[in-house]
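**Student:** When we follow our numbering, the leftmost residue of the sequence shown carries the number -11, and every step to the right adds one. C-beta: ideal position from N, C-alpha, C; glycine also.
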Amino acid sequence: MDVIQVQTDQNYGLGHVFLRIQQKHDHGNHTNPDGLRQKFYQMLLSDIFPRANDLQNAFTSAYNGKDIRALGKPHFDYRQNCKEDGFIPQPEGINFLLDKVINSMLKAPWMYLYDRLCSQTPIRSNPIESTCSHAQVILFVKNVISALIPDELWGGMHNKTVIMETIEQFIGLSDGTKLLFHEIMKKIKTHLWLKSILECDPAQKRQLHSEFIWWILDQLFCSLLRTNFYIMSAGKFGTGSIFFRQGILKEAPWVGIAEKYELCLVNPEETTLYTEAKLGIKSTGFCPVALLNRQQHYVGTSVNKEPVNSILKPIQSILSLENDMVNDNGLYHELQGALEEYIITHRWQDSSKPLWFAKTDISSCFENMKQDKLLQVVKEQTSQCKEYNVCSLVAVHYAGDKVFTTSKMVASPSDESVHEMIANLKPRKNEKALLIKKVDTLSQEQVMKTIEQLVTETTFKINGSYYKYKRGIPRGALISDAVYRQVFNSLVKEELEFVQSKDCVFQNCVDDMLIISHDDGLVEKFVNRMEKGFPNYGWSINKMKSKIHLPKSPILEN
């Protein structure tokens, strides 16, 4: 299908975004206005009713007239599906309604709604202050969709209410939560939809109506969000997602990210392999997050490669094995049990003794780790075993009357035979059976080469530029937590061995460290050592997040 140029309001050119039309500098397409509008109709119709135009989109409902639960199941072989269900003709007499949609897209006061309903606070030191509230985003989206879709296309106010409530629910969802389309369609009433202009049997009408609802949610609504807002997970700042106006985000100090995290700018070549990236949000600003679960790309080509995290799965199983081997030092026991034991041992003897504590935080622990120290520690940890057996498994689960499977990998030292490893495998509580797919052998050299490539060669694209990490390990990498645990264990052995004393309770959760003791001198020693930082590891302490309770200083709520 030809790509054509659409002239829209210069202040708010969203019509071409909604219709997925890109600019094309071929003025021959504009010689016939009637022909141009007809192409508009055809493009919009093919988006809304792909089956009627011998096309396929991400959704083609499988309604068979008997089982409503079949709605929402994708059919990848579209033509075979047409043979089974029959060809559904394009609705007649709908052009005048689409004309209303097109006119609204090109003439509606978008910028007025956008400025009136969404936050325009510039991004300064704390990005959270510049977010748009869910209520603002919902109000903007509902106003725009109401202006675009004529009442006749909803099939009654009930259907419009269902879709608007779905939009509200979607905007408030947490990252990774899904809405089931067939559950939405259960609430939709079809009998009044295009009643006067659409003549077909109920099954065909239901099919066309479901494709129209899908277009509103998948094409129109999602495009509206992506075009106007930058969306990221709220994380510790709340539930659901955080929304920024695109214009505000473009004015944010992007250059500061490269300097702050010492990113190395890469001049890409055709052989450069990269992953996409997004912004992570912190109270002190933004941080880059490489999307390592997505396929890698070669610059300038359409050739893809498997995601980085898929390559790291066997390495993750090996690092988990090594961490389990060294976790007998008591650092990772549950805090509650350890504290109860400590109180019983010490305070029972003298109940007048107060408990002193210090809680500290390593500043940007993943981003600031020195790469040479990281690789040194991991190499030392894995050098004890020259080869590893890695078993790929399929776990079988039952949930009521449903059966589903998940994949996982388990590693063992090569001096343990494959038969011994298999004999030691036991399903977890939620697993009913384990099926063995294959067993591979990885050398220590292969493990280190893969980790080194991740740390030093990972290239990601953000804001149109390509970068590598000069220090640290990419956030979102499958092995980041396991590598951090090994490096942290090394730090404790080298610099903080005194915290393993029976006279205190020491616990860490990723970058947070907590020490509790009746001995204020021991806690003070810990605080003094943490204030110096650990330059050989690249780590310093975030004093703003420190909380200290000692005789000489009250609890600091910095």
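Taking only the alpha-carbon atoms, compute the straight-line gap between aspartate 189 and leucine 196 and give it to the nearest angstrom.
**Tutor:** The residue given as residue 189 occupies position 201 in the sequence shown. The residue given as residue 196 occupies position 208 in the sequence shown. One C-alpha to the other measures close to 11 angstroms.
**Student:** For tyrosine 386, which residues in the same chain have their Cβ closer than 6 angstroms to its Cβ, ignoring the five residues on either side in sequence?
**Tutor:** Start at 1 with the first residue of the sequence shown, and residue 386 comes out as number 398. Counting only Cβ-Cβ distances below 6 angstroms, and skipping sequence neighbours, we find Lys420.
**Student:** Can the beta-carbon of leucine 413 be found closer than 9 angstroms to that of serine 395?
**Tutor:** If you number the sequence shown from 1, residue 413 lands on position 425. If you number the sequence shown from 1, residue 395 lands on position 407. Not closer than 9 angstroms, so no.
**Student:** If you reduce the DSSP assignment to three classes, tell me which class glutamate 375 lands in.
**Tutor:** What you label residue 375 is simply residue 387 of the sequence shown in a count that begins at 1. Here glutamate 375 sits in strand by DSSP.
**Student:** Looking at the structure shown, is phenylalanine 354 part of a helix, part of a strand, or coil, going by DSSP?
**Tutor:** If you number the sequence shown from 1, residue 354 lands on position 366. In this structure, phenylalanine 354 counts as helix in the three-state DSSP scheme.
**Student:** So if DSSP puts serine 534 in a beta bridge, which residue, or which two residues, is it bridged to?
**Tutor:** For the purposes of this step, residue 534 is taken as the residue at position 546 of the sequence shown. Serine 534 pairs with nothing; no bridge assigned.
**Student:** On the DSSP letters alone, give me the boundaries of the beta strand (DSSP E) that aspartate 349 sits inside.
**Tutor:** Here the question's residue 349 lines up with position 361 in the sequence shown. Where aspartate 349 is concerned, the enclosing beta strand (DSSP E) stretches over 344 to 349.
**Student:** Is there contact between the segment 393 to 408 and the segment 346 to 355, where contact requires at least three CB pairs shorter than 8 angstroms?
**Tutor:** No, because fewer than three Cβ pairs between the segment 393 to 408 and the segment 346 to 355 fall closer than 8 angstroms, the two stretches do not touch.
**Student:** Counting Cβ pairs closer than 8 angstroms, one from the segment 428 to 446 and one from the segment 358 to 373, do we hit at least three?
**Tutor:** Flag = yes, the segment 428 to 446 and the segment 358 to 373 touch.
**Student:** Okay, do the segment 132 to 145 and the segment 207 to 218 touch, 3+ Cβ pairs below 8 angstroms being the bar?
**Tutor:** Touching, yes.
**Student:** The alpha helix (DSSP H) with cysteine 497 in it runs from where to where?
**Tutor:** As a first step, residue 497 must be located in the sequence shown, where it is residue number 509. Run containing cysteine 497: none in the alpha helix (DSSP H); it sits in the beta strand (DSSP E), 493 to 497.
**Student:** Measuring CB to CB, does phenylalanine 169 end up less than 9 angstroms from tryptophan 202?
**Tutor:** Along the sequence shown, read from residue 1 onward, the residue named residue 169 stands at position 181. Along the sequence shown, read from residue 1 onward, the residue named residue 202 stands at position 214. For phenylalanine 169 and tryptophan 202, yes; Cβs fall inside 9 angstroms.
**Student:** Helix, strand or coil, according to DSSP, for aspartate 428 in the structure here?
**Tutor:** Here residue 428 refers to the residue found at position 440 of the sequence shown. Reduced to three states, the DSSP call for aspartate 428 is strand.
**Student:** Under a three-way DSSP split, which group does tryptophan 202 fall into?
**Tutor:** Within the sequence shown, the letter at position 214 stands for residue 202. Helix at tryptophan 202.
**Student:** From leucine 261 to glutamine 284, what does the alpha carbon distance come to, in whole angstroms?
**Tutor:** As a position in the sequence shown, residue 261 is number 273, starting the count at 1. As a position in the sequence shown, residue 284 is number 296, starting the count at 1. Looking at the two C-alpha atoms, the distance is approximately 6 angstroms.
**Student:** Could you tell me whether the segment 250 to 261 touches the segment 450 to 458, using the rule of 3 or more Cβ pairs below 8 angstroms?
**Tutor:** They touch, by the three-pair rule.
**Student:** Give me the residue from Gly228, Cys275, Phe232 and Ser221 with the minimum Cα distance to glutamate 247.
**Tutor:** Position 259 of the sequence shown, counted from the first residue, corresponds to residue 247. Selected option, being the one with the closest Cα: Cys275.
**Student:** Determine the contact status of leucine 280 and methionine 220, defining contact as a CB-CB distance below 9 angstroms.
**Tutor:** Within the sequence shown, residue 280 is the residue found at index 292, counting from 1. Within the sequence shown, residue 220 is the residue found at index 232, counting from 1. No; because the gap between Cβ atoms is not below 9 angstroms, this pair is not in contact.
**Student:** Candidates Asp206, Glu408 and Asn377: which alpha carbon is nearest phenylalanine 158's?
**Tutor:** As a first step, residue 158 is located in the sequence shown; it is residue number 170 there, counting from the start. The candidate whose alpha carbon is nearest that of phenylalanine 158 is Asp206.
**Student:** Quick one: is valine 509 buried, meaning 16 or more other Cβ sit within 10 Å of its Cβ, or exposed?
**Tutor:** Translated into positions along the sequence shown, residue 509 becomes position 521. Looking at the sequence itself, residue 509 is glycine, so the reference to valine does not match. With fewer than 16 other Cβ atoms within 10 Å, it is exposed.
**Student:** Name the one or two DSSP bridge partners that isoleucine 504 has.
**Tutor:** Walking along the sequence shown from the start, residue 504 turns up at place 516. Beta-bridge pairing links isoleucine 504 to Phe345 and Val493.
**Student:** Throw me the rounded Cβ distance for the methionine 357 and cysteine 379 pair, which I believe falls under 8 angstroms.
**Tutor:** As a working mapping, residue 357 is identified with position 369 in the sequence shown. As a working mapping, residue 379 is identified with position 391 in the sequence shown. In fact, because the Cβ distance is near 30 angstroms, the residues do not count as touching under 8 angstroms.
**Student:** So what does DSSP say about valine 398, is it helix, strand or coil?
**Tutor:** Position 410 of the sequence shown holds residue 398. In the structure shown, valine 398 sits in a strand (DSSP, three-state: E or B).
**Student:** In three-state DSSP terms, what is tryptophan 527?
**Tutor:** As a first step, residue 527 is located in the sequence shown; it is residue number 539 there, counting from the start. Looking at tryptophan 527 - three-state DSSP - the assignment turns out to be strand.
**Student:** Only counting the same chain, and skipping five residues up and downstream in sequence, which positions put a Cβ closer than 7 angstroms to that of valine 406?
**Tutor:** Here residue 406 refers to the residue found at position 418 of the sequence shown. So the list reads Asn377 and Val427, once near-sequence residues are dropped.
**Student:** Flag this pair as yes or no: are the beta carbons of glutamine 359 and glycine 521 separated by less than 9 angstroms?
**Tutor:** Counting from one through the sequence shown, the residue named residue 359 turns up at place 371. Counting from one through the sequence shown, the residue named residue 521 turns up at place 533. In this structure, glycine 521 does not lie closer than 9 angstroms to glutamine 359 by Cβ.
**Student:** Apart from the five residues on each side of it in sequence, which residues of its chain come closer than 7 angstroms, Cβ to Cβ, to isoleucine 450?
**Tutor:** One-based indexing of the sequence shown puts residue 450 at position 462. Result list for isoleucine 450: Ala265 and Pro276, in chain order.
**Student:** Any heavy atom of the ligand PLP closer than 8 angstroms to the Cβ of aspartate 428?
**Tutor:** As for the ligand PLP, it is missing from this structure, which has no ligand bound.
**Student:** Could you give the residue range of the beta strand (DSSP E) that holds tyrosine 457?
**Tutor:** Counting from 1 along the sequence shown, the entry for residue 457 is found at position 469. Its beta strand (DSSP E) spans residues 453 to 457.
**Student:** Expressed to the nearest angstrom, what Euclidean distance is found between the alpha-carbon atoms of proline 539 and isoleucine 245?
**Tutor:** Numbered from 1 along the sequence shown, position 551 holds the residue referred to as residue 539. Numbered from 1 along the sequence shown, position 257 holds the residue referred to as residue 245. Approximately 40 angstroms, taken between the alpha carbons.
**Student:** Kindly indicate which three-state DSSP category glycine 388 falls into: helix, strand or coil?
**Tutor:** The count along the sequence shown starts at 1 and reaches residue 388 at position 400. Here glycine 388 sits in coil by DSSP.
**Student:** Can you tell me where the alpha helix (DSSP H) holding alanine 411 begins and where it ends?
**Tutor:** Indexing the sequence shown from 1 puts residue 411 at position 423. Element bounds for alanine 411: 406 to 412.
**Student:** So what's proline 115 in DSSP terms, helix, strand or just coil?
**Tutor:** Here residue 115 refers to the residue found at position 127 when the sequence shown is read from its first residue. Looking at proline 115 - three-state DSSP - the assignment turns out to be helix.
**Student:** Look up tyrosine 249 in the DSSP assignment and say whether it is helix, strand or coil.
**Tutor:** In the sequence shown, counting from the first residue as 1, residue 249 sits at position 261. Of the three classes helix, strand and coil, the one that applies to tyrosine 249 here is coil, per DSSP.
**Student:** Would you tell me roughly how many angstroms separate the C-alpha atoms of serine 528 and tyrosine 218, rounded to the nearest one?
**Tutor:** Counted from its first residue, the sequence shown places residue 528 at position 540. Counted from its first residue, the sequence shown places residue 218 at position 230. The straight-line gap from Cα to Cα measures roughly 31 angstroms.
**Student:** For asparagine 516, does the three-state DSSP call read helix, strand or coil?
**Tutor:** Numbered from its first residue, the sequence shown carries residue 516 at position 528. If DSSP states are grouped into helix, strand and coil, asparagine 516 belongs with the helices.
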